[in-house]
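Numbering (full-length UniProt numbering), first residue to last: 1 to 149.
As C-alpha cells, then:
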C-alpha cells in the first residue's frame, strides 16, 4: 500500500450542494429559492430591522434626551478616605503610587481625588484633578495639592 492509495471511507465525505448548476442536480432552475416573490430576486430581502410588518423595536422606543459629549474625559475617582487608609504621613500621592497600591487599574487614565471621608495625614497630592472639598480637607491638615490640569 502506498500513500497515494489512501482514500476516505465510503460515506465519510459528503458532496457539496452546488446550487444553480442544472436541473438534474436538484437545485437548478430556481436554485432553492421557490418561485417568484421578493425573496427569490437578487438583493431581495426583508432588511435588518424588519419584524414582519409590526412596528420595529427601534421605532417603538422613545428617543433619549440630551447627547453624548464626544470630548468627555473620564476620571478614575479616588476618595480622601481611601488615601487615609493607604498612605503614611508625608507620602506623595500620584498615579504611579495609586497604581502600585491597586487603587486604580491603569495609570494612563486621569485621576480625580474626591472629598468623601476624613483625612488626618499630611499628604502631597499630585494628580490630574482635585475637587474643592478634597482640596480643603488636604490643606486643612497641612498637605499640598498639585493639579496637572
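Backbone N, C-alpha and C define an ideal beta-carbon position, used for all residues, glycine too. Only a predicted model underlies this, so the values are computations on that prediction, with no experimental measurement involved.
- A check of alpha carbon separations from residue 116 across 43, 122, 134 and 107 identifies 134 as the nearest.
- Ranked by Cα distance from residue 48, the first of 57, 41 and 42 is 57.
- Residue 89 is not a Cβ neighbour of residue 60, given a cutoff of 8 Å.
- Bounds of any beta strand (DSSP E) do not take in residue 74, whose DSSP letter is neither H nor E.
- Here residue 65 is actually not in contact with residue 112; their C-beta atoms are around 26 Å apart, not less than 8 Å.
- With respect to the C-alpha of residue 126, the residue from 120, 118, 8 and 110 having the closest C-alpha is 110.
- In the DSSP assignment, residue 98 falls outside any beta strand (DSSP E) and lies within the alpha helix (DSSP H) extending over 95-100.
- Residue range 124-127 is occupied by the beta strand (DSSP E) that includes residue 126, with no alpha helix (DSSP H) assigned at that position.
- Residue pairing by DSSP puts residue 92 in a beta bridge opposite 124.
- Per DSSP, the continuous beta strand (DSSP E) segment holding residue 144 begins and ends at 144-147.
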